[in-house]
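Structure first, then comments.
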Amino acid sequence: MFDIDGIYSSQNGRIWAVNLLAADTNGGIRQKHHGPPSSPDLNPLDYCIWDKLAHQVNWDAVTSKTTLINEVKRAVRKVSLNVVFEICSSWTNRLYRLSQVKGSYLR
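The UniProt record's numbering numbers the first residue of the sequence shown as 1 and each following residue consecutively.
What follows is the structure, given as structure tokens:
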């Protein structure tokens, strides 16, 4: 078993238990989902910005870590302010929806 911030997983990579007793009892498989504090549902980068950036990157120009960094920097400059404002304005609605599903994943 690996101990990572109080979360345990079995050796075969089958996912997560919330404590050592649950890991031992259930073979490392978490029985009830509790969204982590860093849930992608709470991260605007995961649900919107990365998609916009990925479409702006010239993937043919990426041949190394340095060129990837340069392309991502260029892509950030190309994302319009209107897109950023749209993302910010939808944030309150997204938080409200999360409160309605009691922190479960959004679909």
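Ideal Cβ positions, reconstructed from N, Cα and C, are used throughout, including at glycine.
- In the three-state reduction of the DSSP assignment, S64 falls in the coil class.
- V57 is a Cβ neighbour of V72, given a cutoff of 9 Å.
- Distance from the CA atom of C48 to the CA atom of V76, rounded to whole angstroms, is 13 Å.
- Counting only residues of its own chain and dropping the five nearest sequence neighbours on each side, V62 has a CB closer than 7 Å to the CB of L68 and E71.
- Non-local C-beta neighbours of R74 in its own chain, meaning closer than 7 Å and more than five positions away in sequence, are absent.
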